[in-house]
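Peer 1: This is the structure I want to talk about, given as structure tokens.
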Amino acid sequence: MTTKTSLLKVILLGDGGVGKSSIMNRYVTNKFDAHLFHTIGVEFLNKDLEVDGHQVTLQIWDTAGQERFRSLRTPFYRGSDCCLLTFSVDDNQSFLNLGNWKKEFIYYADVKEPEKFPFVVLGNKLDVTERQVSSEEAQQWCQENGDYPYYETSAKDATNVAVAFEEAVRRVLAMDERTDHLIPTDTVKLHRKPRSATTCCS
Amino acid sequence: MTKTSVCRGTLTVQLKSRRRSFRALGGDQGRGFRILGGDQGRGFRILGGDQGRGFRIWVEIRGGPSWFRVEFDCGVSGQDAEILVDYRPLEDSVDPSNMLCAGKDSSSVVQWSQCPPAGGSRNCRDGPEPEPQSSETEWDLVNAATYRRRGGSAMSRSQDRSRWAFSAAVGDLRSVTVKDEGWTFLILQLKEPSTSCSTSCSTSSTLPPLHFHQGGSREFLDSLRRFALLSESAEDEACLLVSTPNRALSQSFENLLDDNNYSLVHKFRRDPYVTTLGSFSKVTNYILEALRGAEEAQQRPPEEVADLLGDIIPGLEINQQEEPGFEVITRVDLGVRPPVSRAAPLSPEDWRRHRDAEGSMVDTQRLRHAVFKGGLCHAVRKEAWKFLLGFYPWSSTLEERKSLHRAKTDEYFRMKLQWKSVSEEQERRNSRLRDYRSLIEKDVNRTDRTNRFYEGLDNPGLVLLHDVLMTYCMYDFDLGYVQGMSDLLSPILYVMESEVDAFWCFVSFMDQMHQNFEEQMQGMKTQLIQLSTLLRLLDLSFWNYLEAQDSGYLYFCFRWLLIRFKRELSFQDVLRLWEVLWTGLPCQNFHLLVCCSILDSEKQKIMEEKYGFNEILKHINELSMKLDIEEILQKAEGIYEQIRSCKVLGLLRSRNGAASTRPAQAERPPPPARPRRSGRLHPPGPGGAAASTRPAQAERPPPP
Ligand SMILES: Nc1nc2c(ncn2[C@@H]2O[C@H](COP(=O)(O)OP(=O)(O)O)[C@@H](O)[C@H]2O)c(=O)[nH]1
Ligand SMILES: [Mg+2]
């Protein structure tokens, strides 16, 4: 449809240690570094890809998960096109916190229509044998919270990582298409006119 | 009912402001505007009901840490979208909740007011938790730093603001001197003051200089020419003499500027703060603006600025006089950066030479200086760091240290036993301890794992790192464990190779770094502001660039400051940097000059490549492990020498009282006395400030 490259901003959120940075690095550099430092501050990496004929540059943002650093990370939420809510399948607490991450994101990203915002849920560390969260539980949560796509990933052995990001892109593109139908005309003239006293139109 | 529509076309929203800080932000450049729902360059979305009558759009404008929302209705027709929004404050007040938004034709006005974002509920206990009432939305991290606000009410603030204005009749002008420093600034000289003048007042009157950082000086002069004749002075072609053929023509500046091109007006609103810097420095009034110019920082009282510069440069004494008849300094001339050489690391023999028969360290001033200049040989570190960090007093004898060590060993193991003896049952009921432990376990696994001391799976170094951090939680349970602390401990443990020594040295280091990790991260906020001020003093053009990229707050230095460059340098270089910083030489907060040193090296790249907000962040993040510590330290010391010996080029005397007659001026309380700081290493240097300062005009190169 278009040949133009669009820039999409996605942000990885989730408890510390669930593997956000590892997922980002796996996807962008296709490496898994077991010696990776824990994240301090805010980082991002870019990745070009093509999804269904669309050229896309993904800008993937990764932050530090500790509560204390909230005021540092939240300003970067604005302008996100998609949010990857991440937990680790071997850490039940990280799964229970998904809802809080979602809330934090919606609040600080200032999402106007949260019901429609594309979230994708990642259950990471699929390679670990001692699971604390079952697929069914996770699926159910996704269903109940807005029918989010759910992927079980492993940054360590690369399972489903690329697939998940591609799905994120698809969701964003689908959103755009839906709104495109609403274009009334190509050009719209905007006139100032005195603002009416009532704030809402009946 | 709400419907979303996408509109193709150009929406130009221009906001003009008397105050630069109210420029609108948004869009993907970080400039321009945020149109809610805007989709980043592929058009924009207008939110609102159509109903066949048009749209209502919302525009958000950043003011301070909050966003303010402007809404207005728009008609629809078949042509290009164009809308012009001007706004100006209702009064000369910056209370952003009280502003007018006026249309191009001014026939309609829209009042806009602060609209706090709607928040979610907060009923969750664990994990992240949005706080609807929180003011943390934007970079409040920086904005909200410790400003002692005097009088919190909007009223008193607006009075404060008015003091920054001045006005003078054109007929009273003697000359306008045009200066150029990459931007143009004008110095307006008044004719001999006619009224009586306090004893501290100088013979001629100069108004605070007008800095035209964004251009506009020519327009200003043009409008001045409408009312007066400007002719080059014979002695100085940069100096334009003002004559008004007809006195009746004279008009007050405020009228002059206020009529149609009021965008110039804000350039008149200059800093009224009168700052006299003692001993070796004079600092320009626009340095103060570094704190005040940006949004919220405007409320910063001058004595804070004084504190701040005093912090960075001990010996710098700043006196504020708030009376009329004061000195206003236009700028600091930093001069050339002197070459600095570094020395070889201190050897074990050198170290021993400073130890007397009892084992006390002697001539420690020289010793510390040697450490500052060259650092330490690795073999000396284990002992020397204990002194540098303050675990051992310099004057203690060997015997005293032995008994101190015994006591501290007992104390350590007592605290260690406290967490060691917590049963699983207890821990189940102690969520904070549980959280600390879980964080520590995760982070120990992700700290310096390529270092031989921490590599592999069962390295005893990992256990030590874990145990010392856990014990620190017992030592300071309120703080507990915050990410970044493992980075601070790791090099210390590596050097000490002893759990107990590492713990107490870490405690000392944490005393310095504590504020960085506290709930409000006050230490981070303060340091980012200090750094921003300093950078502005040192390199205004770079600072302006960053500011234009919305990066003036230097959030990208966060990691540098939080953990003292631990992630930026190789492990060995971290050891070197830290021991140099721990000497406390040559000034407090030398680490901020280290930041300036690095930024100075990156400035060219950032500006030439025209990096924006994101690229700057990325570039700085990616400097990690590419920096050369000796080079950085050399430059940082050079910058320190530069500041220390800086001379003032433009010392101007002003009688602001002649200009502004607003009541606030008279009513201002005298500034509170500045508290003396303990631990300052240098007394104020000798030498009168006045002796080293000369009038600016004579030395300035003519403008191009
Ligand atoms: N087994 C396994 N370990 C992982 C995986 N992803 C990350 N990790 C490890 O989990 C820890 C936390 O990962 P990190 O990416 O730092 O988490 P973040 O705090 O969410 O960024 C690190 O020790 C990683 O090596 C994975 O898919 N499988
Ligand atoms: Mg991380």
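Protein chains in written order, with UniProt numbering: chain A, 1 to 202; chain B, 1 to 704.
Glycine included, every Cβ here is placed at the ideal spot set by N, Cα and C.
1) When the Cα atoms are used, what is the spatial distance from GLU323(B) to THR206(B)?
2) Taking any Cβ of chain A, which residues in the stretch 354 to 378 of chain B have a Cβ under 9 angstroms from it, in chain order?
3) In the DSSP assignment, find the beta strand (DSSP E) that holds TYR150(A) and state where it starts and stops.
4) Can TYR151(A) and LEU122(A) be called in contact, C-beta distance under 7 angstroms?
5) For the stretch 523 to 531 of chain B against the stretch 496 to 506 of chain B, are there 3 or more C-beta pairs whose distance is under 8 angstroms?
6) With hydrogens ignored, establish whether the beta-carbon of ASP127(A) is closer than 6 angstroms to any heavy atom of ligand 1.
7) Considering Cα atoms alone, identify which of ASN46(A), THR29(A), TYR148(A) is closest to LYS156(A).
8) At a cut-off of 6 angstroms, would you count THR39(A) as near ligand 2, judging by its Cβ distance to the nearest heavy atom?
9) Under a CB-based cut-off of 7 angstroms, is VAL444(B) close to chain A?
10) To be precise: take each residue of the stretch 548 to 574 of chain B, compare its Cβ to all Cβ atoms of chain A, and keep it if any distance is under 7 angstroms. Which residues remain?
11) For the stretch 618 to 630 of chain B, enumerate the residues whose C-beta is nearer than 8 angstroms to any C-beta of chain A, in chain order.
12) Please report how far the alpha carbon of GLY461(B) lies from the alpha carbon of LEU398(B), in whole angstroms.
13) Apply the 10 Å Cβ neighbour rule to ASP90(A) and answer buried if 16 or more other Cβ atoms are within range, or exposed otherwise.
14) So, under 8 angstroms CB-CB, ALA370(B) and ALA343(B) are touching, yes? Tell me the CB distance rounded to an integer number of Å.
15) For THR86(A), does the three-state DSSP call read helix, strand or coil?
16) Could you check which residue in GLU400(B), SER360(B), TRP560(B), CYS377(B) has the C-alpha nearest to that of TRP394(B)?
17) Are there three or more Cβ pairs, one per stretch, closer than 8 angstroms when the stretch 80 to 89 of chain A is compared with the stretch 34 to 42 of chain A?
18) If you reduce the DSSP assignment to three classes, tell me which class residue 706(B) lands in.
19) In the DSSP output, what is ILE187(B) paired with across the bridge?
20) In the stretch 470 to 530 of chain B, which residue ranges form an unbroken alpha helix (DSSP H) of at least 4 residues, counting only runs that do not cross its ends?
21) For the alpha helix (DSSP H) that GLU383(B) lies in, which residues bound it at each end?
22) At a threshold of 6 angstroms, does VAL18(A) count as lining ligand 1 (C-beta to nearest heavy atom)?
23) State yes or no: is the C-beta of ILE563(B) within less than 7 angstroms of the C-beta of GLY612(B)?
24) Closest by CA to LEU473(B), which one among SER347(B), LYS525(B), LYS420(B)?
25) Measuring only the C-alpha atoms, how far is LYS416(B) from ASP467(B)?
26) For a contact meaning CB atoms closer than 9 angstroms, what does GLN483(B) contact in chain A?
27) How would you label HIS378(B), buried or exposed, when you count the other beta carbons within 10 angstroms and need 16 or more for buried?
28) What whole-angstrom Cβ distance do LYS47(A) and TYR77(A) have, given they're in contact under 8 angstroms?
29) Are there any heavy atoms of ligand 1 lying less than 6 angstroms away from the beta-carbon of LYS156(A), as far as the coordinates show?
30) Would you report the Cα separation of ASN544(B) and LEU535(B), rounded to the nearest angstrom?
31) Within the stretch 86 to 160 of chain A, note down every full alpha helix (DSSP H) run reaching 4 residues or more, in order along the chain.
32) Which two residues bound the contiguous beta strand (DSSP E) that contains HIS54(A)?
33) Along the beta strand (DSSP E) that carries VAL42(A), what are the first and last residues, could you check?
34) Pairs of beta-carbons, one from the stretch 593 to 600 of chain B and one from the stretch 624 to 637 of chain B, closer than 8 angstroms: are there three or more?
35) Which residue marks the beginning of the beta strand (DSSP E) containing ILE11(A), and which one marks its end?
36) Pull up the distance between the alpha-carbon of LYS647(B) and that of GLU518(B), whole angstroms please.
Peer 2: Walking through what the data contain:
1) To locate residue 323(B), count along the second sequence from 1; it is residue 323. To locate residue 206(B), count along the second sequence from 1; it is residue 206. Summary for GLU323(B): the model assigns pLDDT 29, below 50, so the residue's position carries little reliability, and this model does not support an answer.
2) none
3) Indexing the first sequence from 1 puts residue 150(A) at position 150. First-last of the beta strand (DSSP E) with TYR150(A): 150 to 152.
4) Counting from one through the first sequence, the residue named residue 151(A) turns up at place 151. Counting from one through the first sequence, the residue named residue 122(A) turns up at place 122. Going by C-beta atoms, TYR151(A) is nearer than 7 angstroms to LEU122(A).
5) no
6) Translated into the one-based positions of the first sequence, residue 127(A) becomes position 127. It does: the Cβ of ASP127(A) is within 6 angstroms (strictly closer) of some heavy atom of ligand 1.
7) Here the question's residue 156(A) lines up with position 156 in the first sequence. It is THR29(A).
8) As a first step, residue 39(A) must be located in the first sequence, where it is residue number 39. Yes, the beta carbon of THR39(A) sits closer than 6 angstroms to at least one heavy atom of ligand 2.
9) For this step, residue 444(B) is matched to residue 444 along the second sequence. It does not; no Cβ of chain A falls within 7 angstroms.
10) PHE558, ARG559, LEU562, ILE563, ARG567
11) LYS618, ASN621
12) Position 461 of the second sequence, counted from the first residue, corresponds to residue 461(B). Position 398 of the second sequence, counted from the first residue, corresponds to residue 398(B). In a straight line, the C-alpha of GLY461(B) is about 28 angstroms away from that of LEU398(B).
13) The residue given as residue 90(A) occupies position 90 in the first sequence. By the neighbour-count rule (16 or more Cβ atoms within 10 Å), ASP90(A) is buried.
14) Within the second sequence, residue 370(B) is the residue found at index 370, counting from 1. Within the second sequence, residue 343(B) is the residue found at index 343, counting from 1. Correct: roughly 7 angstroms between the Cβ atoms.
15) For the purposes of this step, residue 86(A) is taken as residue 86 along the first sequence, with counting starting at 1. Strand, per DSSP.
16) Within the second sequence, residue 394(B) is the residue found at index 394, counting from 1. Residue SER360(B) is the option with its Cα nearest to TRP394(B).
17) no
18) Nothing about residue 706(B) can be reported from this structure: the residues present for chain B run from 1 to 704 only.
19) Translated into the one-based positions of the second sequence, residue 187(B) becomes position 187. Paired residues: THR177(B).
20) 485 to 496, 499 to 517
21) In the second sequence, counting from the first residue as 1, residue 383(B) sits at position 383. 378 to 388 is the span of the alpha helix (DSSP H), which, as asked, contains GLU383(B).
22) Residue 18(A) sits at position 18 when you count from the first residue of the first sequence. For ligand 1, at least one heavy atom lies less than 6 angstroms from the Cβ of VAL18(A).
23) Looking up residue 563(B) in the second sequence gives position 563. Looking up residue 612(B) in the second sequence gives position 612. Cβ distance not < 7 angstroms, so ILE563(B) and GLY612(B) don't count as in contact.
24) On the second sequence, position 473 is the one that residue 473(B) refers to. Checking the sequence shown, residue 473(B) turns out to be Cys, not Leu. Ranking the options by Cα distance to CYS473(B), first place goes to LYS420(B).
25) Counted from its first residue, the second sequence places residue 416(B) at position 416. Counted from its first residue, the second sequence places residue 467(B) at position 467. Each residue's Cα considered, the two are about 8 angstroms apart.
26) The sequence position of residue 483(B) within the second sequence is 483, counting from 1. Ordered by position in chain A, the residues that pass the 9 angstroms Cβ test against GLN483(B) are GLY16, HIS38, THR39, ILE40, ALA64, GLY65, GLN66, ARG68, PHE69.
27) Here the question's residue 378(B) lines up with position 378 in the second sequence. Exposed is the call here.
28) Locating residue 47(A) in the first sequence gives position 47, counting from the first residue. Locating residue 77(A) in the first sequence gives position 77, counting from the first residue. Going by Cβ atoms, the distance from LYS47(A) to TYR77(A) rounds to 20 angstroms, so no, they are not a contact pair.
29) Here residue 156(A) refers to the residue found at position 156 of the first sequence. It does: the Cβ of LYS156(A) is within 6 angstroms (strictly closer) of some heavy atom of ligand 1.
30) In the second sequence, counting from the first residue as 1, residue 544(B) sits at position 544. In the second sequence, counting from the first residue as 1, residue 535(B) sits at position 535. In a straight line, the C-alpha of ASN544(B) is about 10 angstroms away from that of LEU535(B).
31) 92 to 96, 98 to 109, 135 to 146
32) Your numbering for residue 54(A) matches position 54 in the first sequence. Note, HIS54(A): beta strand (DSSP E), 54 to 63.
33) As a working mapping, residue 42(A) is identified with position 42 in the first sequence. That run of the beta strand (DSSP E) goes 42 to 51.
34) yes
35) Here residue 11(A) is taken as the residue at index 11 of the first sequence, counted from 1. ILE11(A) -> beta strand (DSSP E) spans 6 to 13.
36) For the purposes of this step, residue 647(B) is taken as the residue at position 647 of the second sequence. For the purposes of this step, residue 518(B) is taken as the residue at position 518 of the second sequence. With a pLDDT of only 49 at LYS647(B), under 50, the local geometry of the prediction cannot be trusted, and the value read off the model is given with reservation. Looking at the two C-alpha atoms, the distance is approximately 39 angstroms.
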